[in-house]
Ligand SMILES: Nc1ncnc2c1ncn2[C@@H]1O[C@H](COP(=O)(O)OP(=O)(O)O)[C@@H](O)[C@H]1O
Ligand SMILES: [Mg+2]
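Here is the structure:
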């Protein structure tokens, strides 16, 4: 099933940079879709379009559609708060709030009006288990999040996006600040999570996409060059530029 359908999406920033050119892409539910390509290709811009985070950026012109469950989220009338609950995001730098581990997770729910302790407790446990962090922190939820290691902080950020029960999770180079062990934990968690969620990731490198992605989209200078199942893109891409990128001829 297509969870996200992107139609003729183009974006120009105010400084004139054309960062997305006529992107068409169908993103399936319960899969991991990876956006790969060299820096500046438009991956982060594309991710931010999915939950309208570009509303905060200096964007001059957007055309086309981003249909999520059939609804165009670029429509100015949509409920952006509800959209951002449905489409969570994890960034590359693990930046928990300067609160306890527990409060980092309950903050968003409390803002949304949830006060029942049992509901909050349950949400905290559920999201920490999904992010594969529960076993390491269950006996110290009252500790400041700043006491966690980098890898634990990033799993906390992942848990924080899960606590609001999204349907789609966006991850923008979530392991770029992590060591290989911490990276593997996040990757394992994502492979589990795709059973319940739609996952869209700009991976740290092409190897990471190869390990976890079902579908791969190759972005180059704002254009979607090629999109398809990972094994096809990685073994017999149709476009020479994809081939050159995958084989490390440019980076
Ligand atoms: N907020 C912004 N304002 C102006 N230009 C931007 C902004 N964000 C990104 N860009 C430009 O858009 C292009 C795509 O950037 P980005 O989406 O960050 O690519 P990637 O994530 O693939 O590295 C780049 O040329 C970048 O400089
Ligand atoms: Mg980026």
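In the numbering used here, the protein residues as written are 10 to 260. No residue lacks a Cβ here, since even glycine has one placed at the ideal position from N, Cα and C. In this text, all values refer to a predicted model and were calculated from it rather than measured experimentally.
Item checked: Through-space distance from residue 84 to residue 45, alpha-carbon basis -> To locate residue 45, count along the chain shown from 1; it is residue 36. To locate residue 84, count along the chain shown from 1; it is residue 75. Rounded to the nearest angstrom, the two C-alpha atoms are 27 angstroms apart.
Margin query: Along the chain, where does the beta strand (DSSP E) containing residue 224 start, and where does it finish?
Written below: Reading the chain shown from its first residue, position 215 is the one you call residue 224. Residue 224 -> beta strand (DSSP E) spans 224 to 229.
Next item on the list: For residue 185, name the three-state secondary structure that DSSP assigns.
Entry: To locate residue 185, count along the chain shown from 1; it is residue 176. It is coil, neither helix nor strand.
Checklist line | Nearest neighbour of residue 17, chosen from 42, 71, 63 [CA to CA] | finding: Working through the chain shown from its first residue, we reach residue 17 at position 8. Closest by alpha carbon: 71.
Next item on the list: Taking only runs that begin and end inside the stretch 108 to 193, name each unbroken beta strand (DSSP E) of 3 or more residues, in chain order.
Entry: 177 to 181
Margin query: On a Cα-Cα basis, can you pick out the residue from 243, 201, 103, 183 that is closest to residue 156?
Written below: Your numbering for residue 156 matches position 147 in the chain shown. Of the candidates 243, 201, 103, 183, the one whose C-alpha sits nearest the C-alpha of residue 156 is 103.
Next item on the list: Report yes if the C-beta of residue 53 is less than 7 angstroms from at least one heavy atom of ligand 1; otherwise report no.
Entry: Locating residue 53 in the chain shown gives position 44, counting from the first residue. Within the cutoff, so yes.
Notebook entry, point to check: In terms of residue numbering, what span does the alpha helix (DSSP H) encompassing residue 251 cover?
Noted result: By 1-based counting over the chain shown, the position of residue 251 is 242. Counting along the chain, the alpha helix (DSSP H) containing residue 251 begins and ends at 249 to 255.
Next item on the list: Have a look at 181, 189, 134 and flag the residue whose alpha-carbon is nearest the alpha-carbon of residue 160.
Entry: Position 151 of the chain shown, counted from the start, is the residue given in the question as residue 160. Comparing Cα positions, the closest option is 189.
Notebook entry, point to check: Among 258, 256, 255, 179, which has the Cα closest to the Cα of residue 41?
Noted result: Residue 41 sits at position 32 when you count from the first residue of the chain shown. Residue 179 is the option with its Cα nearest to residue 41.
Notebook entry, point to check: Count the other CB atoms within 10 Å of the CB of residue 181; is the residue buried (16 or more) or exposed (fewer)?
Noted result: To locate residue 181, count along the chain shown from 1; it is residue 172. Buried: at least 16 other Cβ atoms inside 10 Å.
Check: Do residue 165 and residue 105 have their C-beta atoms within less than 8 angstroms of each other?
Finding: For the purposes of this step, residue 165 is identified with residue 156 of the chain shown, where counting begins at 1. For the purposes of this step, residue 105 is identified with residue 96 of the chain shown, where counting begins at 1. Taking 8 angstroms as the Cβ cut-off, residue 165 and residue 105 qualify as a contacting pair.
Item checked: beta-carbon residue 188 near ligand 2 non-hydrogen atom, thresh 7 angstroms -> By 1-based counting over the chain shown, the position of residue 188 is 179. No, Cβ of residue 188 sits at least 7 angstroms from all heavy atoms of ligand 2.
Check: When the Cβ atoms of the stretch 229 to 247 are set against those of the stretch 64 to 78, are three or more pairs found closer than 8 angstroms?
Finding: no
Check: How is the beta strand (DSSP E) around residue 73 delimited, first residue to last?
Finding: For the purposes of this step, residue 73 is taken as the residue at position 64 of the chain shown. Note, residue 73: beta strand (DSSP E), 68 to 77.
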